[in-house]
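*Asks:* Just passing along the structure, written as structure tokens.
See the structure below:
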């Protein structure tokens with residue numbers, strides 16, 4: 045799957061933020077199997093960028109094409125199919141259900157495709173150090189733990205691109221590295237791509253970096 | 048699991064309110080429709096001899112009329128002039144006017160000699176109305192000179208007078224209504240210095256018309272051959288009213304000082320009021336259902352707005368509009384079907400209650416409860432469910448698209 049940005053300018057972003065951007069008002073192509081880092085200071089539109097690809101925001105000029113189809117013409121069902129089968133997301137706000145437990149929050153995603161077995165889910169929970177918290181309501185755990193739940197949830201589906209919006213902002217270095225390895229392994233297994241946003245440009249060299 | 052997320056903010060009190068609203072509205076509507084369908088045949092009873100809209104009016108016999116007739120030899124009776132009949136015909140509330148034809152010859156009737164009432168003899172009169180006013184179910188309602196007997200219809204009150212007054216006091220046998228037609232009697236008619244013997248037979252009793260009816264062909268023949276009077280204008284007439292309960296009709300009759308059987312008019316009024324009351328009840332039932340419908344729509348929109356965040360989260364995870372709306376659809380379907388089934392209970396008991404009263408009046412319930420009431424109401428409910436589900440889906444769509 046290919047994502048093409050054609051001169052996208054989000055309406056709420058000030059023009060001063062667009063002039064030196066490598067993303068806004070450019071022609072950009074995101075190709076599968078490549079990984080991308082979009083880095084910028086706060087307020088430059090990282091979350092807006094993710095939401096535009098997901099079809100959650102439409103307040104922009106220019107066009108976004110997915111496999112050469114303009115997403116502005118997509119119906120609500122086409123977007124839901126896209127989110128179900130091709131795009132996975134760890135939103136900045138995480139969007140967990142506070143009334144559900146850790147395990148339920150993961151399963152509510154996994155049940156759409158029945159992509160992971162309970163054993164695989166338990167393994168991911170263990171790797172990210174959430175064992176023992178499975179039956180806790182997400183309202184009762186820390187933001188760092190919530191970030192890890194959102195990462196596991198995003199890995200419980202088939203995808204072509206995984207969109208990570210500042211996924212490690214509340215994780216320590218060790219946990220960030222473990223999570224990053226887990227995401228990379230899963231992405232490689234699926235021949236997919238990572239598009240990650242971050243405040244800092246401190247990622248490994250094997251990633252295409254774009255300043256926003 | 049989606050239900051666990053979407054059921055947030057659903058208030059049991061709200062659900063109970065909706066349930067009671069639909070149940071109450073449906074119960075009222077179904078009972079009213081059922082009552083209307085069961086009672087309608089009584090209004091439209093083709094078997095009854097005299098239809099509701101037929102009203103008989105006559106000239107009032109005043110004191111001076113009596114004195115004049117006692118004093119004078121010609122004994123001129125008050126009658127409707129052609130002008131008066133024309134005026135009545137021209138009134139808005141009148142569909143048609145029919146005249147009574149009286150006999151202007153003398154009649155004496157006596158029972159056949161072989162019966163238990165042999166020797167019973169009385170002077171009599173006949174009146175006639177145009178044949179089509181006498182209901183068709185009286186098959187033998189015709190007469191010609193070759194007919195074996197004159198068919199006669201008596202007021203039911205005559206039979207009662209005989210059975211409970213005369214027969215009691217004279218120790219005579221009482222006569223059942225079904226047996227009366229078997230009794231033949233002889234009729235002697237006199238006039239123009241002639242007399243003729245004919246046979247007659249009672250073919251029916253009428254509750255609503257207070258005269259002894261014979262076929263018009265007989266009365267006309269008798270008047271022609273035996274009649275003593277030239278005057279053919281009627282002393283009383285039938286008005287076929289558009290609405291027997293109308294105020295204009297009552298006012299017109301009062302203004303012209305005509306006489307009318309008030310109970311007949313009030314009977315018509317009662318039927319008209321009954322129709323109005325049923326109409327009001329059906330309207331109230333429909334309003335309650337309409338208000339409940341509005342309450343449901345408002346509650347759903349409120350509920351969805353409160354669950355806005357979770358709906359968007361589900362949509363972001365890849366849940367389709369269909370998958371998100373399904374739990375709500377199931378909830379609404381359960382709510383509506385339960386209300387519908389519950390409202391059948393009051394329908395069943397209330398229908399049994401009023402049917403037991405209808406039976407006392409001689410009417411059974413002819414309506415098929417399932418095919419005439421329950422099935423149409425069920426179809427209405429299904430239409431409601433589809434309407435509400437569509438509103439639900441479009442609200443969810445708006446929520447998803449707004450983000």
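Protein chains in written order, with the numbering used here: chain A, 45 to 256; chain B, 48 to 450. Virtual Cβ for every residue (Gly too), placed ideally from N, Cα, C.
#1: So which residues on chain A does residue 83 of chain B lean against when the C-beta distance must stay under 8 Å?
#2: Run through DSSP, which three-state label would residue 234 of chain B get?
#3: At the level of alpha carbons, what is the spacing between residue 261 of chain B and residue 394 of chain B?
#4: Tell me whether residue 370 of chain B sits in a helix, a strand or coil according to DSSP, three-state version.
#5: Does residue 93 of chain B get closer than 8 Å to chain A when you measure Cβ to Cβ?
#6: If we count the other Cβ atoms within 10 Å of its Cβ and call it buried at 16 or more, is residue 59 of chain A buried or exposed?
#7: Are the C-beta atoms of residue 124 of chain A and some chain B residue less than 8 Å apart?
#8: State yes or no: is the beta carbon of residue 375 of chain B nearer than 8 Å to at least one beta carbon in chain A?
#9: Strictly below 8 Å CB to CB, what residues from chain A border residue 52 of chain B?
#10: To the nearest angstrom, how far is the alpha carbon of residue 333 of chain B from that of residue 127 of chain A?
#11: When the Cα of residue 340 of chain B is compared with those of B/170, B/433, B/229 and B/143, which residue comes out closest?
#12: How about residue 321 of chain B and residue 140 of chain B: are their beta carbons less than 8 Å apart?
#13: Hey, which unbroken runs of the beta strand (DSSP E) at 3 residues or more fall wholly within the segment 299-354 of chain B?
#14: Spatial neighbours of residue 177 of chain B within its chain, please: CB distance less than 7 Å, with the 5 preceding and 5 following residues excluded, ordered by chain position.
#15: By the three-class DSSP mapping on this structure, what secondary structure does residue 283 of chain B have?
#16: State the DSSP-derived secondary structure class of residue 146 of chain B, mapped to helix, strand or coil.
#17: Is any beta-carbon of chain B found at less than 8 Å from that of residue 155 of chain A?
#18: Check whether chain A comes within 8 Å of residue 368 of chain B, counting only Cβ atoms and requiring the distance to be less than that.
#19: Closest to residue 124 of chain B by CA distance: which of B/418, B/357, B/377 and B/276 is it?
#20: Beta carbon of residue 240 of chain A, beta carbon of residue 131 of chain A: below 8 Å?
#21: For the pair the segment 279-295 of chain B and the segment 185-204 of chain B, tell me if three or more CB-CB distances fall below 8 Å.
#22: Would residue 121 of chain A be called buried (16 or more neighbouring beta carbons within 10 Å of its own) or exposed?
#23: List the residues of chain A whose Cβ lies closer than 8 Å to the Cβ of residue 363 of chain B, in chain order.
#24: Decide if the segment 230-238 of chain B is in contact with the segment 151-160 of chain B; the criterion is three or more beta carbon pairs, one per stretch, under 8 Å apart.
#25: What residues of chain B sit near residue 120 of chain A, judged by a beta carbon separation below 9 Å?
#26: How is residue 170 of chain B classed by DSSP in three states: helix, strand or coil?
#27: Output the distance between the C-alpha atoms of residue 93 of chain B and residue 256 of chain B, rounded to the nearest integer angstrom.
#28: Is it the case that the Cβ atoms of residue 422 of chain B and residue 49 of chain B are separated by a distance below 8 Å?
#29: At a cut of 8 Å, does the segment 146-154 of chain A reach the segment 181-201 of chain A through at least three beta carbon pairs?
#30: Below 7 Å CB to CB, which residues in the same chain sit around residue 397 of chain B once its five sequence neighbours on both sides are set aside?
#31: In terms of DSSP beta bridges, what is residue 251 of chain B paired with?
#32: DSSP beta-bridge partners for residue 73 of chain A?
#33: Could you give the C-beta distance for residue 350 of chain B and residue 56 of chain B, rounded to a whole number, given that I count them as a contact under 8 Å?
#34: Do residue 153 of chain B and residue 237 of chain B have their C-beta atoms closer together than 8 Å?
#35: Could you name the residues of chain A that residue 378 of chain B contacts, counting a contact when the two beta carbons are closer than 7 Å?
*Replies:* A quick look at the data gives this:
#1: Here residue 83 of chain B is taken as the residue at index 36 of the second chain, counted from 1. Going along chain A, no residue has its Cβ under 8 Å from residue 83 of chain B, so there is no contact; the nearest lies around 46 Å.
#2: Position 187 of the second chain, counted from the start, is the residue given in the question as residue 234 of chain B. Residue 234 of chain B falls in the strand class under three-state DSSP.
#3: The residue you call residue 261 of chain B lines up with position 214 of the second chain. The residue you call residue 394 of chain B lines up with position 347 of the second chain. Each residue's Cα considered, the two are about 47 Å apart.
#4: The count along the second chain starts at 1 and reaches residue 370 of chain B at position 323. Reduced to three states, the DSSP call for residue 370 of chain B is helix.
#5: Walking along the second chain from the start, residue 93 of chain B turns up at place 46. Since pLDDT at residue 93 of chain B reaches only 44, below the 50 mark, its modelled position is unreliable, and the value read off the structure follows with that caveat. Not an interface residue.
#6: By 1-based counting over the first chain, the position of residue 59 of chain A is 15. The residue is exposed, with fewer than 16 neighbouring Cβ atoms inside 10 Å.
#7: By 1-based counting over the first chain, the position of residue 124 of chain A is 80. Answer yes: the Cβ-Cβ gap between residue 124 of chain A and chain B drops below 8 Å somewhere.
#8: Residue numbering aside, residue 375 of chain B sits at position 328 when the second chain is read from its first letter. Answer no: the Cβ-Cβ gap between residue 375 of chain B and chain A never drops below 8 Å.
#9: For the purposes of this step, residue 52 of chain B is taken as residue 5 along the second chain, with counting starting at 1. By Cβ distance, chain A contributes 141, 143, 144 and 152.
#10: Position 286 of the second chain, counted from the first residue, corresponds to residue 333 of chain B. Position 83 of the first chain, counted from the first residue, corresponds to residue 127 of chain A. Spanning the two alpha carbons is a distance of roughly 45 Å.
#11: Along the second chain, one-based indexing puts residue 340 of chain B at 293. Here the closest residue by C-alpha is B/433.
#12: In the second chain, counting from the first residue as 1, residue 321 of chain B sits at position 274. In the second chain, counting from the first residue as 1, residue 140 of chain B sits at position 93. No, these two residues do not count as a Cβ contact at 8 Å.
#13: 305-307
#14: Position 130 of the second chain, counted from the start, is the residue given in the question as residue 177 of chain B. Contacts found: 145 and 263.
#15: Indexing the second chain from 1 puts residue 283 of chain B at position 236. DSSP places residue 283 of chain B in strand when its eight states are reduced to three.
#16: One-based indexing of the second chain puts residue 146 of chain B at position 99. In this structure, residue 146 of chain B counts as strand in the three-state DSSP scheme.
#17: Translated into positions along the first chain, residue 155 of chain A becomes position 111. Residue 155 of chain A counts as touching chain B.
#18: Position 321 of the second chain, counted from the start, is the residue given in the question as residue 368 of chain B. Closer than 8 Å to some Cβ of chain A, the Cβ of residue 368 of chain B qualifies, so yes.
#19: Taking the second chain and counting its residues from 1, the one referred to as residue 124 of chain B is at position 77. The option with the nearest alpha carbon to residue 124 of chain B is B/276.
#20: Looking up residue 240 of chain A in the first chain gives position 196. Looking up residue 131 of chain A in the first chain gives position 87. Cβ atoms of residue 240 of chain A and residue 131 of chain A: not closer than 8 Å.
#21: no
#22: Walking along the first chain from the start, residue 121 of chain A turns up at place 77. Label assigned to residue 121 of chain A: exposed.
#23: Your numbering for residue 363 of chain B matches position 316 in the second chain. Correct list: 98, 100, 127, 133, 135 and 139.
#24: yes
#25: Residue numbering aside, residue 120 of chain A sits at position 76 when the first chain is read from its first letter. Here the neighbours are 362, 367, 368, 444, 447 and 448.
#26: By 1-based counting over the second chain, the position of residue 170 of chain B is 123. In this structure, residue 170 of chain B counts as strand in the three-state DSSP scheme.
#27: Start at 1 with the first residue of the second chain, and residue 93 of chain B comes out as number 46. Start at 1 with the first residue of the second chain, and residue 256 of chain B comes out as number 209. Residue confidence is low: residue 93 of chain B scores 44 on pLDDT, short of 50, so the model does not pin down where it sits. Its coordinate-derived value is still stated next. So the alpha carbons of these two residues sit roughly 16 Å apart.
#28: By one-based count along the second chain, residue 422 of chain B stands at place 375. By one-based count along the second chain, residue 49 of chain B stands at place 2. Contact: no.
#29: yes
#30: Here residue 397 of chain B is taken as the residue at index 350 of the second chain, counted from 1. Once the five neighbours on either side are set aside, the close Cβ partners of residue 397 of chain B are 78.
#31: Here the question's residue 251 of chain B lines up with position 204 in the second chain. Residue 251 of chain B pairs with B/200.
#32: By 1-based counting over the first chain, the position of residue 73 of chain A is 29. Partner(s): A/48.
#33: Residue 350 of chain B sits at position 303 when you count from the first residue of the second chain. Residue 56 of chain B sits at position 9 when you count from the first residue of the second chain. Correct: roughly 6 Å between the Cβ atoms.
#34: Taking the first residue of the second chain as position 1, residue 153 of chain B is located at position 106. Taking the first residue of the second chain as position 1, residue 237 of chain B is located at position 190. Yes, the pair counts as a contact, with Cβ atoms nearer than the cut-off.
#35: For the purposes of this step, residue 378 of chain B is identified with residue 331 of the second chain, where counting begins at 1. Going along chain A, no residue has its Cβ under 7 Å from residue 378 of chain B, so there is no contact; the nearest lies around 18 Å.
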